[in-house]
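Working notes, beginning with the structure itself.
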Amino acid sequence: MTVETPQSRTRGEHTSRSSVLTTHDLCAVLDVPFSEEQLAAITAPMDPQLVVAGAGSGKTTVMAARVTWLVATGAVRPDQVLGLTFTIKAAGELRARIAAALSTLGSAFIEESPTVSTYHSFASGLVADYGFLDGLESGALPLSDAQRAQLALQVVHRPQEPLQERYAQPATIVGNLLHLEDELTDLGISTDELRDADGRLLQTLQDLDCAPGLRDRVEAAARRRIELADLVDQFREEKQSRGLLDFADQTRLAAALVESHGIVRSDLRGRFRIVLLDEYQDTSKAQRELLRGLFGARHAITAVGDPAQAIYRWRGATVSNIDNFEDHFSLVSRNRLTTNRRSGTRILAVANRIAADLRRAHPGFHELVARTDADPGTVECALLTSYGEELAWLATKVGDLFGTGTDFGDVAILCRTNEQATDVAAALHEQQIPAQVLGKVPLTSHDAVASLHACLRLVAEPTPNDAVVQLLAGPYFRLGPSDLSALGSAAARTAAMTESHVDLLSTLDELPDGSLSEAARERVDELLDLVDRLTQAAARSLEAVIHSAVQALGFPLTLSGEAEASAVREFQNLAARYRGLTGARTVADFLAHLQAAEQLDAPVAVETQPRPGTVSVMTVHGSKGLEFPTVFVPFLSEGVFPSGTGQSRWVTHPAYAPPHLVGEPDPSLQTGFPHEVIDTASQREYTAVARAAERLDEDRLAYVALTRAKSHLVTSGHWWGPTQRRVRGPSPYLLAIHEQCLAHSWEEAVGPWVDTAPQRPVDQVDATGIEWPQPCVEPLAARVAALVDAATAPPTPSEELAAELRLLEPDPVTETPTRVSTTELLERLAGAEPAAPGPQRPRRAEQLGTRFHRLVEDRLHQHRLFDVTDDGRFIAGRDELLQVFETTEFADRTPVATEYPFTISLGGRAVVGRIDAVFASDDPDHDYDVVDWKTGRSRAHDPRQLSIYRRAWSLINGVAEDRIRVGFVHLDTGETRWIAEPPPAEPVSGSLER
48 MTVETPQSRT RGEHTSRSSV LTTHDLCAVL DVPFSEEQLA AITAPMDPQL
98 VVAGAGSGKT TVMAARVTWL VATGAVRPDQ VLGLTFTIKA AGELRARIAA
148 ALSTLGSAFI EESPTVSTYH SFASGLVADY GFLDGLESGA LPLSDAQRAQ
198 LALQVVHRPQ EPLQERYAQP ATIVGNLLHL EDELTDLGIS TDELRDADGR
248 LLQTLQDLDC APGLRDRVEA AARRRIELAD LVDQFREEKQ SRGLLDFADQ
298 TRLAAALVES HGIVRSDLRG RFRIVLLDEY QDTSKAQREL LRGLFGARHA
348 ITAVGDPAQA IYRWRGATVS NIDNFEDHFS LVSRNRLTTN RRSGTRILAV
398 ANRIAADLRR AHPGFHELVA RTDADPGTVE CALLTSYGEE LAWLATKVGD
448 LFGTGTDFGD VAILCRTNEQ ATDVAAALHE QQIPAQVLGK VPLTSHDAVA
498 SLHACLRLVA EPTPNDAVVQ LLAGPYFRLG PSDLSALGSA AARTAAMTES
548 HVDLLSTLDE LPDGSLSEAA RERVDELLDL VDRLTQAAAR SLEAVIHSAV
598 QALGFPLTLS GEAEASAVRE FQNLAARYRG LTGARTVADF LAHLQAAEQL
648 DAPVAVETQP RPGTVSVMTV HGSKGLEFPT VFVPFLSEGV FPSGTGQSRW
698 VTHPAYAPPH LVGEPDPSLQ TGFPHEVIDT ASQREYTAVA RAAERLDEDR
748 LAYVALTRAK SHLVTSGHWW GPTQRRVRGP SPYLLAIHEQ CLAHSWEEAV
798 GPWVDTAPQR PVDQVDATGI EWPQPCVEPL AARVAALVDA ATAPPTPSEE
848 LAAELRLLEP DPVTETPTRV STTELLERLA GAEPAAPGPQ RPRRAEQLGT
898 RFHRLVEDRL HQHRLFDVTD DGRFIAGRDE LLQVFETTEF ADRTPVATEY
948 PFTISLGGRA VVGRIDAVFA SDDPDHDYDV VDWKTGRSRA HDPRQLSIYR
998 RAWSLINGVA EDRIRVGFVH LDTGETRWIA EPPPAEPVSG SLER
């Protein structure tokens, strides 16, 4: 074989070659025995081509080989190749694969590099290069997620007409606004189109004979969506006026440029003669239209994807892009890659079984087949009694594998949720097994970054007392319990004498001699010296403050490992890149930015990197594109995986746009709800169709999880969660795998398997201790000396310390409060003594109830549910309660208010409280339904609680009390207990004088 070097080619030559390259030559050059399927995709003509690439079928290798084939045969130059994918990491891998493949042809072929980018970066570059055609200023600053949320909050807080959303928390409105803007961008719907559609729907609702309650919910969602569309317009105008862009803008503005200016299309078509579209199943409708506008009409596109791995529909991906590729791009050839080169035959058998419904939904998707020399691999399944037993069994199983020679670094455990991943890592750590949860974590969750954050607060806040305590008690200054107690006593005395809020830094500076141990006095002086240096640095720049703090804390020598060092570097880079919305870069502005990010559910996060010799624990979403010799997929229980938590839908939620406006699948078109009929039967049919689509999403997720395994797949489930009242049992996925194991007599495939539901195990409280003092990096002798000093110092009870520290609060507690909570009021009415002040460990049920209340508020207002980071021990009980919640009449109703705070006057006292949820009533005798969620089994709830809530809603909103229906919703059964005749408010107020 002879391949021509391009030294004599001119820029316009594409096809000259000295000899014909054969497929045999290609296999020899790249040293890959390509299959006939792969060669068909590699050597396809320069026309639109779709390659449906099954899991593990070598799609990246095929894309690199296609570029090599086209370059070697003279069809294109390397710099005429454009490759697009989704992540920076994937783009880097594709770029490296192409470069390595081209290098086999000779050095002359790597002088001109292909362009490989993410879809978002490509759109951003297009706007930067051609934005002037639409009057867009170059150099627009990219908005981070946190800044985007901050700007949206400013728009929401502008004076304007009262919103239907006025009863929601500002953070909820911001979440709805940003979600709707993303929806409109991804679907390619203008705000005018949305308002017109909802206007027509509102008119239709007036003409339909339907149940008032259902009509009210659909109507409320439509009216709020119109208001949110107005906010989207204001938000976009604000971004444009400030010269700001976000990801949503980049795709939207790029598509507008392509549509309006033919020169953009002609330039890019001339520049890139071949375009590779990776992970095409994850593209949105807007991205598809941008690409079609540029490279439609028979341009040479090779789109590669797999409808069975389309797991990002929840963030705007449109799987119909790959199903309907032929209609969008004048398809010439369709090829498929079905040979899996990763997994054993048994693993593929169970993956194909789970994907059966996906093959029916996507005719272009076929069963995976193993390579001819594939080993069978190992598949195991187990069904345990409880969630806790499953965790313990899983940890033991991983330990046993290590005993047989498996490296911990070859093991991955894939979970449905982040909370489960946290539990798994804890169970492994208990068995002394090295494990790491992979994924994005907030920067401030790293101790080193939290300390830097506290240092910034020392110079930006007038009285940063908690930051002072955090640093003194932390791993860098390490004051012991006795010295912290002495500091608390001194601060308490100052508070008592001055009757004002104490500045702890001033207290430190004025401590009399002998108040602290000699070592503690030195460390306090070091902290005060640090404050002086940070204050001087703040006059120079934000970066100078962080640099001074890094030096003072001894970084990087005092960091615990590479993960901490990486987090510190990212924090420094974040500060260097930071530009406030107004251009300001002060320490106070930066801190406000970080605080807003936390409050608006957009925390600055960093990706954790895997460590060698460590078990990788992650979500299934995070495992996409990865592979491991051994994979565990636990918690395959009913309602857990596949998840039983339903998604919000446009019919009753204002943050979602109707997909049928742009021809996307929509259950409303199949059922006629709510366009043609609105009744309970049609709503149930609509819900059933929607949940069937959601189940396919779960099937895709399971398929991705199973196909990550190379040689060993372990699946498991349980009957009982840690707090649930209803039995779970094996999910359809685990049952299917169990049937496969039995049908094929795979030896030792079935582990412990509890065939029938056992009696519910007794709840156990997991009490954990806290290590004190915290680990430090001092020499061992100094650490021992510090421990001896602490042990021989006079003991101070923790209760006394807590009481003294409470004196730091600016508002001292009086014996006869004029302000009481609803809970305290009910205790008085019942004749019970109010709870003693001071910190108390909350009971498990109370913790679960608190988390569930917050989750229902998120569910009803559709905050992002996928990555909620509650205490992992409560996730199972929470999931069960959510499943029951989905069966209640409130699951598909749009609330007027959730977690609604109030303060009203009763009996000369200010009574404060928080109403769980308020809905427009579907009962003709009432205007509102006020409900309180109850997560326990008890039915002995005081109806006077609802009397207070009813009085509060009546007074604040000017509604007669008899038009307000009140009730308890019991989440152990899904029952709603309406209180037909709640006690009147007057006796309640009279009872306050007791």
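Residues 48 to 1041 in my numbering are what the sequence shown spells out, letter by letter. Note that CB positions come from ideal geometry on N, CA and C, so glycine has one too.
Taking the straight line between their C-alpha atoms, what separation do you get for residue i and residue j?
i            : j            : result
residue 503  : residue 581  : 8 Å
residue 351  : residue 374  : 16 Å
residue 706  : residue 389  : 37 Å
residue 1098 : residue 691  : The first residue shown for the chain is 48 and the last is 1041, placing residue 1098 beyond what the model contains.
residue 118  : residue 500  : 52 Å
residue 287  : residue 237  : 17 Å
residue 775  : residue 803  : 11 Å
residue 274  : residue 319  : 42 Å
residue 1024 : residue 1017 : 8 Å
residue 244  : residue 790  : 53 Å
residue 684  : residue 1007 : 47 Å
residue 937  : residue 230  : 24 Å
residue 481  : residue 745  : 30 Å
residue 1028 : residue 492  : 49 Å
Could you tell me the boundaries of the beta strand (DSSP E) in which residue i lies?
i           : result
residue 174 : No beta strand (DSSP E) contains residue 174, which is instead part of the alpha helix (DSSP H) from 166-177.
residue 428 : 425-433
residue 765 : 756-767
residue 945 : 942-953
Can you tell me where the alpha helix (DSSP H) holding residue i begins and where it ends?
i           : result
residue 780 : 779-790
residue 675 : Premise fails: residue 675 lies in the beta strand (DSSP E), 675-680, not in any alpha helix (DSSP H).
residue 74  : 70-77
residue 502 : 494-507
residue 118 : 106-119
residue 296 : 294-307
residue 798 : Careful: residue 798 lies outside any alpha helix (DSSP H), inside the beta strand (DSSP E) at 797-800.
residue 593 : 589-599
residue 218 : 217-234
residue 715 : 714-718
residue 195 : 192-203
Assuming contact is defined by CB atoms lying nearer than 7 Å, are residue i and residue j in contact in what I supplied?
i           : j           : result
residue 623 : residue 654 : no
residue 977 : residue 943 : no
residue 99  : residue 411 : yes
residue 138 : residue 174 : no
residue 264 : residue 940 : yes
residue 570 : residue 602 : no
Could you tell me if the beta carbon of residue i falls within a distance shorter than 6 Å of some heavy atom in the ligand ADP?
i           : result
residue 399 : The ligand ADP is not among the ligands present in this structure, which contains no ligands whatsoever.
What are the residues that DSSP puts in a beta bridge with residue i?
i            : result
residue 978  : 964, 1014
residue 321  : 128
residue 1022 : 1017
residue 487  : 654
residue 448  : Note: residue 448 sits in no beta bridge, so no partner.
residue 82   : According to DSSP, residue 82 bridges with nothing at all.
residue 96   : 349, 380
residue 460  : 664, 679
residue 387  : 417
residue 410  : Answer by DSSP bridge pairing: none, since residue 410 is not bridged.
residue 162  : 129
residue 690  : 686
residue 740  : Bridge partners of residue 740: none, in fact.
Verify the CB distance criterion: does residue i have a CB-CB separation below 7 Å to chain C?
i           : result
residue 329 : Going by chain labels, chain C is absent from the structure shown, which holds only one protein chain.
Inspect the CB distances between the stretch 337-347 and the stretch 91-99 and report whether three or more fall short of 8 Å. yes
Examine the Cβ distances between the stretch 559-567 and the stretch 606-625 and report whether three or more of them are shorter than 8 Å. no
The stretch 680-699 touching the stretch 760-769, judged by at least three CB pairs closer than 8 Å: yes
Does the structure place the stretch 717-732 close enough to the stretch 248-268 that three or more beta carbon pairs sit under 8 Å? yes
Taking contact to mean at least 3 C-beta pairs separated by less than 8 Å, is the stretch 777-785 in contact with the stretch 397-412? yes
Would the stretch 424-439 and the stretch 626-639 be scored as touching if the rule is three or more Cβ pairs under 8 Å? no
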